[in-house]
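Q: In the numbering used here, the protein residues as written are 481 to 1115. From the three backbone atoms N, C-alpha and C, an ideal C-beta is built for every residue, glycine too.
#1: Mind checking whether residue 949 and residue 850 have CB atoms under 8 Å apart?
#2: Could you check the C-alpha separation between residue 739 and residue 515 for me, to the nearest Å?
#3: If you draw a straight line from the alpha carbon of residue 481 to that of residue 817, how long is it in whole angstroms?
#4: Which two residues bound the contiguous alpha helix (DSSP H) that contains residue 542?
#5: How big is the Cα-Cα spacing for residue 1059 and residue 1097?
#6: Quick one: residues in its chain with C-beta nearer than 7 Å to the C-beta of residue 846, no 5 flanking neighbours on either side, listed in chain order?
#7: Under 8 Å between the Cβ atoms of residue 603 and residue 572?
#8: If you follow the alpha helix (DSSP H) that residue 930 is in, where does it begin and where does it stop?
#9: Should the stretch 859-872 be regarded as contacting the stretch 938-954, the criterion being three or more beta carbon pairs within less than 8 Å?
#10: Three or more C-beta pairs under 8 Å: does that hold for the stretch 510-524 against the stretch 623-633?
#11: At the level of alpha carbons, what is the spacing between residue 622 and residue 680?
#12: Around the Cβ of residue 777, are there at least 16 other Cβ atoms within 10 angstroms (buried) or fewer (exposed)?
#13: When DSSP labels each residue in this structure, what does residue 782 get in the three-state scheme?
#14: Determine the direct distance from the alpha carbon of residue 831 to that of residue 448, and round the result to whole angstroms.
#15: Under the three-state reduction of DSSP, which class applies to residue 827: helix, strand or coil?
#16: Taking its Cβ as the centre, do 16 or more other Cβ atoms sit within 10 Å of residue 929, making it buried, or is it exposed?
#17: Whole-angstrom Cβ separation of residue 641 and residue 561, contact assumed at under 8 Å?
#18: Let me know if residue 733 comes out buried or exposed under the rule of 16 or more other beta-carbons within 10 Å of its beta-carbon.
#19: Whose C-beta lies closer than 7 Å to the C-beta of residue 490 among residues of the same chain, with five residues either side of it excluded?
#20: According to DSSP, which residues form a beta bridge with residue 998?
#21: For residue 560, does the three-state DSSP call read helix, strand or coil?
#22: Reducing DSSP to helix, strand and coil, say where residue 735 ends up.
#23: Is the beta carbon of residue 665 sitting closer than 8 Å to the one on residue 691?
#24: May I ask you to report which of helix, strand or coil DSSP gives residue 973?
#25: In terms of DSSP beta bridges, what is residue 503 paired with?
#26: From 566, 931 and 1091, pick the residue whose C-alpha is nearest to that of residue 655; which is it?
#27: Do you know offhand how far residue 893's Cα is from residue 548's?
#28: Cα separation between residue 673 and residue 588?
#29: Can you give the Cα-Cα distance for residue 1103 and residue 922, rounded to whole angstroms?
#30: Terminal residues of the continuous beta strand (DSSP E) containing residue 692?
#31: State the Cα-Cα distance for the pair residue 813 and residue 936, rounded to the nearest angstrom.
#32: Residue 756: which of 773, 736 and 768 sits nearest, CA to CA?
#33: According to DSSP, what are the bridge partners of residue 509?
#34: When you compare only the Cα positions, how much space is there between residue 920 and residue 889?
#35: May I ask you to verify whether the stretch 714-721 touches the stretch 498-516, counting CB pairs closer than 8 Å and requiring at least 3?
#36: Leaving out the 5 sequence neighbours to the left and right, which residues in its chain are closer than 7 Å to residue 761 when beta-carbon positions are compared?
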């Protein structure tokens, strides 16, 4: 168990947080949340020992270990991926070395009844148990399994680490942490550089992990799936919720509403008391009573309402010049890197005004095709932009390409066209840079601030084709919502590469699925794409692909049993979808019945109650059917 005791941190004479205390149980999975600048990353650094607090302590039990993945890494290695990853077992090697020494000493001693001999026996037993805990006998298997889970192919494991991008190097650091199996894993935005399949694997790993986890993430679905507790840093204190992120939002809103009502009641009480003081203080026989009221007010603790971070980026893309009807056209396009063919025989069209999502696992060519369209990469075949197309490209690592020695103001002022130079400060203000913030050096900005600055820079030139490669990395949830709204209002054409399902919902007209070197077009938004795959959500679709690949490897080409199993699984997904729909309808009805104002509307509406009871009966029926199918599948 880990305990945080009265930790305080100050910056510039102001408390980031003050006297915060909480503990982490052995297998707890905690989401750490709070507004930008609340101190989430700072708290992880303090717990991990990377930074000291101004006061307070971190207490752990004996043998407690911590693994920490920061948001940004500075990592260099000339070793191969597999060699670098196996450095995770240095602790195990030290244990093995000590076991060898103890065994050698035991062999040379004859004082079998002495305390010293028994101490050696006990130490040997303890070290062997510890070695087994680390799974030393399965190091090679564990290393390969975790690297594959995080997206590395077998042939890539012998390649030098320094040939991989920063995002892939981050996966190696993460793999080493997972292999060490620390008592507590601290993760700061771990999904920023992972694709859907790797996120799914990491989710499953953390859910089943024997130790504890604290993570910071702007991926709502990831938080909901992994965490069972949410700790919020607010106004320099913490609030602890025994639930995942979505339920925390509901409970937090309820708490704020109660705080607001309590503060309102207190303010009314204070006003009334002050009126009584004024009324009675002038009367001799009531002066003593007036003084007691004054003392009572002086001793009263003024209630505060938790501050909400209502600051949002607020912008819209410039009005685009009109392009031709066909904006991008690809015919028999291919791309290879050495012997590896990433794309082959790709054909598609993107028309004026369309919004297209590129989806698929990393390495399938999403970013490659985006760079080919922009003209940053060569290719085979024909890939043409239409008439009067003006491009703006937000690259996946756009924020990292900013000049760290420039100030925020200089970054935008230097890139702005002449006619926009007078509007630089107001433009920066729309992206939450104001006052002294505009004079900060880019190199001291957080990942989210750099992301906002890079997006701000994108607005400087009018464009009718936006190509956005993972634009939500490092953006908080409110900023993602604002970006999504701006894209939806944009009258031009948009191609967006993203693994963020919530961001993509309702955003695009088409989905281009990257698979096996090709591009498959699906009409509709991400939800239509999911329905076409008979999957309830994007994550389920990715899991099904993995399951289908396993089945192809293990089952006969065509058997009665495999067909029945396929049909049962298909029906199970359908039933689960109906259950979810009915539960949402019933929950909505329950909420209306609990609200006095809503209840009055429906109390005499017989059709409402008839439908309500019908939905509950239908839900029972589908729950029973779900159990039947699940038992058949298991059998």
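A: This is what the structure gives:
#1: Here residue 949 refers to the residue found at position 469 when the chain shown is read from its first residue. Here residue 850 refers to the residue found at position 370 when the chain shown is read from its first residue. Taking 8 Å as the Cβ cut-off, residue 949 and residue 850 qualify as a contacting pair.
#2: Taking the chain shown and counting its residues from 1, one reaches residue 739 at position 259. Taking the chain shown and counting its residues from 1, one reaches residue 515 at position 35. Taking the straight line from one Cα to the other gives about 19 Å.
#3: Your numbering for residue 481 matches position 1 in the chain shown. Your numbering for residue 817 matches position 337 in the chain shown. C-alpha separation (whole angstroms): 49 Å.
#4: In the chain shown, counting from the first residue as 1, residue 542 sits at position 62. Residue 542 -> no alpha helix (DSSP H), and no H or E assigned at all.
#5: Mapped onto the chain shown, residue 1059 falls at position 579. Mapped onto the chain shown, residue 1097 falls at position 617. The straight-line gap from Cα to Cα measures roughly 11 Å.
#6: The residue given as residue 846 occupies position 366 in the chain shown. Only 838, 840, 977 and 994 meet the Cβ criterion.
#7: For the purposes of this step, residue 603 is identified with residue 123 of the chain shown, where counting begins at 1. For the purposes of this step, residue 572 is identified with residue 92 of the chain shown, where counting begins at 1. No. Outside cutoff.
#8: Position 450 of the chain shown, counting from 1, holds the residue named residue 930. Residue 930 -> alpha helix (DSSP H) spans 927-938.
#9: yes
#10: no
#11: Here residue 622 corresponds to residue number 142 of the chain shown, with the count starting at 1. Here residue 680 corresponds to residue number 200 of the chain shown, with the count starting at 1. The straight-line gap from Cα to Cα measures roughly 18 Å.
#12: Here residue 777 refers to the residue found at position 297 when the chain shown is read from its first residue. Classification of residue 777: exposed, given that the 10 Å Cβ count is below 16.
#13: For the purposes of this step, residue 782 is taken as the residue at position 302 of the chain shown. Note: residue 782 maps to coil in three-state DSSP.
#14: Because the chain here runs from 481 to 1115, residue 448 falls outside it and cannot be looked at.
#15: The residue given as residue 827 occupies position 347 in the chain shown. Looking at residue 827 - three-state DSSP - the assignment turns out to be strand.
#16: In the chain shown, residue 929 corresponds to position 449, counting from 1. Buried, since its Cβ has 16 or more Cβ neighbours within 10 Å.
#17: As a first step, residue 641 is located in the chain shown; it is residue number 161 there, counting from the start. As a first step, residue 561 is located in the chain shown; it is residue number 81 there, counting from the start. Their Cβ separation, rounded to whole angstroms, is 6 Å, which keeps residue 641 and residue 561 in contact under 8 Å.
#18: On the chain shown, residue 733 is found 253 positions in, with the first residue counted as 1. So residue 733 counts as exposed.
#19: As a first step, residue 490 is located in the chain shown; it is residue number 10 there, counting from the start. The answer, listed in chain order, is 496 and 534.
#20: Counted from its first residue, the chain shown places residue 998 at position 518. Looking at the DSSP assignment, residue 998 forms a beta bridge with 995.
#21: As a first step, residue 560 must be located in the chain shown, where it is residue number 80. The answer is strand: DSSP assigns residue 560 an E or B state.
#22: Along the chain shown, read from residue 1 onward, the residue named residue 735 stands at position 255. Helix, per DSSP.
#23: Stepping through the chain shown from its first residue, residue 665 is reached at position 185. Stepping through the chain shown from its first residue, residue 691 is reached at position 211. Yes, these two residues count as a Cβ contact at 8 Å.
#24: As a working note, residue 973 is residue 493 in the chain shown. Of the three classes helix, strand and coil, the one that applies to residue 973 here is strand, per DSSP.
#25: Numbered from its first residue, the chain shown carries residue 503 at position 23. Residue 503 is bridged to 483.
#26: Counted from its first residue, the chain shown places residue 655 at position 175. Taking only the C-alpha atoms, the option nearest residue 655 is 566.
#27: Taking the first residue of the chain shown as 1, we reach residue 893 at position 413. Taking the first residue of the chain shown as 1, we reach residue 548 at position 68. Cα to Cα, the separation comes out at about 38 Å.
#28: Walking along the chain shown from the start, residue 673 turns up at place 193. Walking along the chain shown from the start, residue 588 turns up at place 108. Answer to the nearest angstrom: the Cα atoms are 54 Å apart.
#29: Mapped onto the chain shown, residue 1103 falls at position 623. Mapped onto the chain shown, residue 922 falls at position 442. Going by the C-alpha atoms only, they are around 55 Å apart.
#30: For the purposes of this step, residue 692 is taken as residue 212 along the chain shown, with counting starting at 1. It spans 692-696 - the beta strand (DSSP E) in which residue 692 sits, taken as one unbroken run.
#31: For the purposes of this step, residue 813 is identified with residue 333 of the chain shown, where counting begins at 1. For the purposes of this step, residue 936 is identified with residue 456 of the chain shown, where counting begins at 1. If you take the alpha carbons of residue 813 and residue 936, they lie about 33 Å apart.
#32: Within the chain shown, residue 756 is the residue found at index 276, counting from 1. Selected option, being the one with the closest Cα: 773.
#33: By 1-based counting over the chain shown, the position of residue 509 is 29. BP columns for residue 509 point to 693.
#34: The residue labelled residue 920 in the question sits at position 440 within the chain shown. The residue labelled residue 889 in the question sits at position 409 within the chain shown. Cα-Cα distance, rounded: 8 Å.
#35: yes
#36: To locate residue 761, count along the chain shown from 1; it is residue 281. Closer than 7 Å at Cβ, skipping near neighbours: 767 and 770.
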